[in-house]
Structures are given as C-alpha cells and as structure tokens.
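Worksheet: one structure, shown below.
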Amino acid sequence: MVQGMMVAIGGFFGAISRLGISRLFKKYDHSDLPYATLFVNMIGSFLLGYVIGSDIVETGILLLGTGFLGSFTTFSTFKLENIQLHADNKWKPLITYLLISYTVGILFAFIGIALGKV
1 MVQGMMVAIG GFFGAISRLG ISRLFKKYDH SDLPYATLFV NMIGSFLLGY VIGSDIVETG
61 ILLLGTGFLG SFTTFSTFKL ENIQLHADNK WKPLITYLLI SYTVGILFAF IGIALGKV
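Residues 1 to 118 in this note's numbering are what the sequence shown lists, from first letter to last.
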C-alpha cells in the first residue's frame with residue numbers, strides 16, 4: 001500500500017510539473033522543434049540517472065523515479081511529435097529532435113548516475 005502511494009504522490013507532482021513546463025514553453029516558443037518535451041525528457045534522464053546512482057531507499061526510488069520522473073517525462077508524446085514532424089516533412093527538426101533525444105538523453109543519464117554515486 002505504501003509503495004503504491006509513493007508512486008501516486010510522485011506521479012501527481014511529476015504530471016503537474018510537466019504541465020507547467022509545457023505551458024511555459026508554449027507561451028514563449030513557436031518553433032517546429034518540440035522544446036518542452038525535449039527539455040523534460042533531458043532533465044528527466046539526468047534526474048533518473050541521479051536517483052538510480054544515489055543510495056536511495058526503495059520508497060524514495062518509487063516516489064522520485066517511478067512516480068515523479070515516470071510522469072514528468074514522456075515517451076508517448078516524444079513518439080507522437082516525431083510522427084507529426086515526419087508527416088509534415090519537417091526533416092531538419094525531426095532529425096535534430098531524434099539525435100538530441102537519444103544521444104544527449106543517454107549522456108545525461110550516465111552523468112546523473114556518475115554524480116549520484118559521488
């Protein structure tokens with residue numbers, strides 16, 4: 001029961017945080033590149049790496065990793081935005097988005113793990 005509550009509480013705050021960031025980006029950004037999703041996924045990659053690299057108890061991992069970061073980051077929106085860029089023949093933003101998401105996201109996760117172990 002406590003485990004489920006940790007995931008639910010973290011998930012609530014992660015989703016609210018993502019909504020706030022998405023709205024902020026939409027207010028100021030009007031480019032083809034989906035910066036809001038890119039931002040939350042890059043920050044989420046780093047933070048999840050940090051959580052995993054740290055010596056955090058299981059309930060902390062459930063609250064922060066599974067709950068908060070699980071709802072803060074988004075794989076489904078990332079895929080949908082890629083499909084939309086492809087359908088609109090926006091090749092440069094599509095390739096840029098894919099390259100940054102996969103290379104920098106993985107790099108940030110590794111950096112987070114390393115810093116979490118310090």
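Heads up, the beta-carbon is just placed ideally off N, CA and C, and yes, glycines get one too. The structure presented is a predicted model; accordingly, all values stated were derived computationally and were not measured.
A contact between stretches requires three or more CB pairs, one per stretch, nearer than 8 Å, and the segment 81–92 fails this requirement with the segment 23–31. From the listed residues Q3, G10, G4, M6, the smallest Cα separation to T73 is found for G10. Following the DSSP letters along the chain, one finds G49 inside the alpha helix (DSSP H) bounded by residues 35–53. H30: not part of any alpha helix (DSSP H); DSSP gives it neither H nor E. By the beta-carbon neighbour count (other beta carbons within 10 angstroms, threshold 16), A114 is exposed. Measuring C-alpha to C-alpha distances from F78 to each of L64, Y102, Y50, E58 identifies Y102 as the nearest. Minimum Cα-Cα distance from E81 among the listed residues I56, L33, V104 corresponds to L33. In terms of Cα proximity to E58, the closest of Q3, V118, K117 is Q3.
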